[in-house]
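First comes the structure, then the notes that go with it.
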Amino acid sequence: MTGSDRRADIIQQIKESRTPVSGTKLALRYEVSRQVIVQDIALIRASGYDIISTNRGYILNAPKSVSRDFKVQHTDEQLEEELCAIVDLGGCVENVMINHRVYGHMEAVLGVNSRRKVAEFMEDIRSGKSSPLKNITSNYHYHRVSADSKETLDMIEEDLRQRGFLVPCGK
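Each residue of the sequence shown is one higher than the last, beginning at -2 in the working numbering.
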């Protein structure tokens, strides 16, 4: 196992653990010294992970997040309503994806998580800086939506269904 593979695995171990992960246990697992683990943690932190050292081990200081892909369809006039419905229930519209018969899979990062960001996105659309990706696939598109819990995603899904935006599976 390479050092980068070990660090990727350490991140997974810490993310998935419900309790702090001790450096000694990590050293035993990967058959390296405790000092190598300390150096790995420093490199992991430098790459952007907020790893906290406690007297019981390492924990990741990050909000737990879940995500789900939704297939939706709506008009340009309903775009703002769709985005606001998602963010008002606590979701973040991570991206927009389409599957075009000629161009294949296309995806754009959005990161829309507030009404302010919805307004900025809509201003870019209205000003002509861009047009919605959905327009080249008869308004069909996907959004990956992240939230703090499965229950929040369930509420978002139900709201999109009630508004008529959610496309039933198989279409």
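Ideal Cβ positions, reconstructed from N, Cα and C, are used throughout, including at glycine.
Residues that residue i bridges to, as DSSP identifies them
i           : result
residue 181 : Outside the displayed span of the chain (-2 to 168) sits residue 181, for which this structure offers no information.
residue 55  : 18 and 50
residue 130 : In DSSP, residue 130 forms no bridge with anything.
residue 103 : 95
Below-8 Å beta-carbon distance, residue i vs any chain D residue
i          : result
residue 92 : No chain D appears in the structure shown, which is made up of a single protein chain.
Residue i versus the options, residue with shortest Cα-Cα distance
i           : options               : result
residue 132 : 117, 109, 120 and 103 : 103
residue 68  : 149, 150, 139 and 157 : 139
residue 62  : 142, 161, 70 and 162  : 142
residue 99  : 134, 25 and 123       : 134
residue 113 : 128, 92, 84 and 137   : 84
residue 0   : 18, 14 and 35         : 35
residue 127 : 151, 147 and 73       : 73
residue 166 : 15, 33, 70 and 19     : 70
Alpha carbon of residue i to alpha carbon of residue j, nearest angstrom
i           : j           : result
residue 23  : residue 31  : 8 Å
residue 47  : residue 66  : 27 Å
residue 159 : residue 76  : 15 Å
residue 8   : residue 136 : 38 Å
residue 45  : residue 17  : 19 Å
residue -2  : residue 37  : 13 Å
residue 64  : residue 54  : 28 Å
residue 49  : residue 78  : 40 Å
residue 52  : residue 121 : 49 Å
Three-state secondary structure assigned by DSSP to residue i
i           : result
residue 27  : helix
residue 158 : helix
residue 1   : helix
residue 147 : helix
residue 80  : helix
residue 98  : coil
residue 40  : helix
residue 115 : helix
residue 216 : Here the chain comprises residues numbered -2 to 168, so residue 216 is not present and cannot be evaluated.
residue 63  : strand
residue 90  : strand
residue 35  : helix
Presumed contact (8 Å Cβ cut-off) between residue i and residue j, rounded CB distance
i           : j           : result
residue 109 : residue 115 : 6 Å
residue 118 : residue 80  : 7 Å
residue 130 : residue 95  : 5 Å
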